[in-house]
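Asks: I am attaching a structure below and will ask some questions about it afterwards.
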Amino acid sequence: MRSDFHLHSSFSADSDAPMRDMVEKGISLGLSAMCFTEHMDYDYIDEGMVFEADIPSYCKTLTSLKEEYEHKIELLFGLELGLQPYLKERCESLVKNWDFDFVIGSSHVVNGQDPYYPAFFEGRTEKESYISYFESIIENLHTMSCFDVYGHIDYVVRYGPNKNQFYSYKEYSDWLDEIIRLLIDKGLGMEINTGGYAAGLGHPNPHEDILKRYRELGGEIVTIGSDAHAPERIAADFDRACSILKKCGFRYHAIFRKRKPTFELLC
Numbered sequence: 046m047r048s049d050f051h052l053h054s055s056f057s058a059d060s061d062a063p064m065r066d067m068v069e070k071g072i073s074l075g076l077s078a079m080c081f082t083e084h085m086d087y088d089y090i091d092e093g094m095v096f097e098a099d100i101p102s103y104c105k106t107l108t109s110l111k112e113e114y115e116h117k118i119e120l121l122f123g124l125e126l127g128l129q130p131y132l133k134e135r136c137e138s139l140v141k142n143w144d145f146d147f148v149i150g151s152s153h154v155v156n157g158q159d160p161y162y163p164a165f166f167e168g169r170t171e172k173e174s175y176i177s178y179f180e181s182i183i184e185n186l187h188t189m190s191c192f193d194v195y196g197h198i199d200y201v202v203r204y205g206p207n208k209n210q211f212y213s214y215k216e217y218s219d220w221l222d223e224i225i226r227l228l229i230d231k232g233l234g235m236e237i238n239t240g241g242y243a244a245g246l247g248h249p250n251p252h253e254d255i256l257k258r259y260r261e262l263g264g265e266i267v268t269i270g271s272d273a274h275a276p277e278r279i280a281a282d283f284d285r286a287c288s289i290l291k292k293c294g295f296r297y298h299a300i301f302r303k304r305k306p307t308f309e310l311l312c
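Anchor point for the sequence shown: position 82 equals 127 in this note's numbering, and the numbering is continuous, going up by one each time.
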C-alpha cells in the first residue's frame, strides 16, 4: 500500500511537524499519495488546546507543496472532523465551503469529555464508558453524514483503564453492528487506523473483528491511515494492515479524490 490517508502536521494542535517534513518522509518511503487530515474539532473541551485548523493557511501551504512536489508524490486535501450532534450545521457548512478531497468523521468528544483524559472513565465501569462512546457514534450517524469514512471507531479503547484487555467485538456487538449497518446504509466507509499499534494495543483501530464484520455485512469502502503526527509514524505498520484486510475478505482499499472513492488492489 503506497498511500496514507490519515496524517497530521503542525496545522493540527497536537502536532509540531512541519508539513514539508512529512512530505519529504512520505517520498523517502516510496508513497505515491498522502492525504493530510488536519483536526477540526469545534468546541473542544480542553481550554489549553484548540483543535480548529486554520483552513485558509493549511490550504495555501498544501497547494504550494502540491505544485512543488507534483512529479514526486500526490498530495491531497483532507480533514478530520470532530463530530457532535449539535454541531451538525457547522460541520456541514465547513465541508460544503471547502474543496476537500477526503473527510474523516471522528468521535473525540463525548458529552463534553474526551476519552484521552482519565476523567472520561471516572464514576462508571470501563464497559459503561465504552458503551457510552459507541452510543455517541450511533447518535452522530443518525444526525449527519457529511464525511466519507468514520475514523478509528474504537478510539476509546486506546485510553481505557485496561485498554483492550477485556475488550472484544463480541462483547460490544450490539452497538458495533448498529454502527456498521448505519455506515453501510449511508454509503460511508471505515478506516483501518494503525495508530492502535502505537498505543500499545497490538491491533489497529478498529479491531480486525470489526473490519471483518463490516465486510461480512457488505461494507466495501475502507481507507488506510497511520494517524501519524510526526514523520517517523507515516505508513507505520501498513504491512500488518494489508494482511489484516486480506484476512477480513477485502481485495481493495479506497483512495479519495474530490470526495469520490477509487479502488486499488491491496499489496
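Beta carbons are placed, not taken as given, at the ideal position from N, Cα and C, and that holds for glycine.
How many angstroms separate the CA atom of residue 276 from the CA atom of residue 190?
Replies: Rounded to the nearest angstrom, the two C-alpha atoms are 31 Å apart.
Asks: In the structure shown, what three-state DSSP assignment does residue 238 receive?
Replies: In the structure shown, residue 238 sits in a strand (DSSP, three-state: E or B).
Asks: Tell me whether residue 147 sits in a helix, a strand or coil according to DSSP, three-state version.
Replies: In the structure shown, residue 147 sits in a strand (DSSP, three-state: E or B).
Asks: Going along the chain, which unbroken runs of the beta strand (DSSP E) with 3 or more residues stay wholly within the segment 59-96?
Replies: The qualifying runs are 78-85.
Asks: Given that a residue counts as buried once 16 or more other Cβ atoms are within 10 Å of its Cβ, and exposed if not, what is residue 141?
Replies: By the neighbour-count rule (16 or more Cβ atoms within 10 Å), residue 141 is not buried but exposed.
Asks: Quick check: what's the CA-CA separation for residue 122 versus residue 81?
Replies: Looking at the two C-alpha atoms, the distance is approximately 6 Å.
Asks: Let me check one thing: in DSSP terms, what residues is residue 232 bridge-paired to?
Replies: According to DSSP, residue 232 bridges with nothing at all.
Asks: Report the three-state DSSP secondary structure of residue 117 (helix, strand or coil).
Replies: Correct three-state label for residue 117: coil.
Asks: Going by the CB atoms, is the gap between residue 237 and residue 313 shorter than 7 Å?
Replies: The chain is shown from 46 up to 312; residue 313 falls before or after that span and cannot be answered.
Asks: Does the segment 151-171 touch the segment 216-225, meaning 3 or more C-beta pairs lie closer than 8 Å?
Replies: Touching, no, given that fewer than three Cβ pairs across the two stretches are closer than 8 Å.
Asks: Could you spell out the range, first to last residue, of the beta strand (DSSP E) harbouring residue 286?
Replies: First-last for residue 286: 283-292, but that is the alpha helix (DSSP H), not the beta strand (DSSP E).
Asks: Quick one: what's got a C-beta closer than 7 Å to residue 111's C-beta in the same chain, skipping five residues either side?
Replies: Around residue 111: 120.
Asks: Can you tell me the Cα-Cα spacing of residue 153 and residue 127, whole angstroms?
Replies: Approximately 6 Å between the Cα atoms of the pair.
Asks: First and last residue of the beta strand (DSSP E) that includes residue 52?
Replies: Element bounds for residue 52: 48-52.
Asks: Measure the alpha-carbon distance for residue 150 versus residue 187 and round it to whole angstroms.
Replies: The straight-line gap from Cα to Cα measures roughly 13 Å.
Asks: For residue 241 and residue 283, I'd like the C-alpha separation in whole angstroms.
Replies: Residue 241 and residue 283: Cα-Cα distance of roughly 12 Å.
Asks: Tell me whether residue 256 sits in a helix, a strand or coil according to DSSP, three-state version.
Replies: In the structure shown, residue 256 sits in a helix (DSSP, three-state: H, G or I).
Asks: In terms of alpha-carbon separation, which member of 55, 70, 65 lies closest to residue 95?
Replies: The residue with the shortest Cα to Cα distance from residue 95 is 55.
Asks: One question on the structure: do residue 201 and residue 160 come within less than 7 Å of each other, judged by their Cβ atoms?
Replies: Yes.
Asks: Hey, residue 260 and residue 294: beta-carbon distance below 7 Å or not?
Replies: Yes, the Cβ-Cβ distance between residue 260 and residue 294 is below 7 Å.
Asks: How would you label residue 116, buried or exposed, when you count the other beta carbons within 10 angstroms and need 16 or more for buried?
Replies: Label assigned to residue 116: exposed.
Asks: Opposite residue 223 in the DSSP bridges: which residues?
Replies: Its beta-bridge partners do not exist; DSSP assigns none.
Asks: Just to confirm, are residue 280 and residue 52 a CB contact at a threshold of 7 Å?
Replies: Going by C-beta atoms, residue 280 is not nearer than 7 Å to residue 52.
Asks: Hey, could you find the ends of the beta strand (DSSP E) residue 267 is sitting in?
Replies: Start and end: 267-270.
Asks: Ends of the alpha helix (DSSP H) at residue 179?
Replies: Note, residue 179: alpha helix (DSSP H), 171-188.
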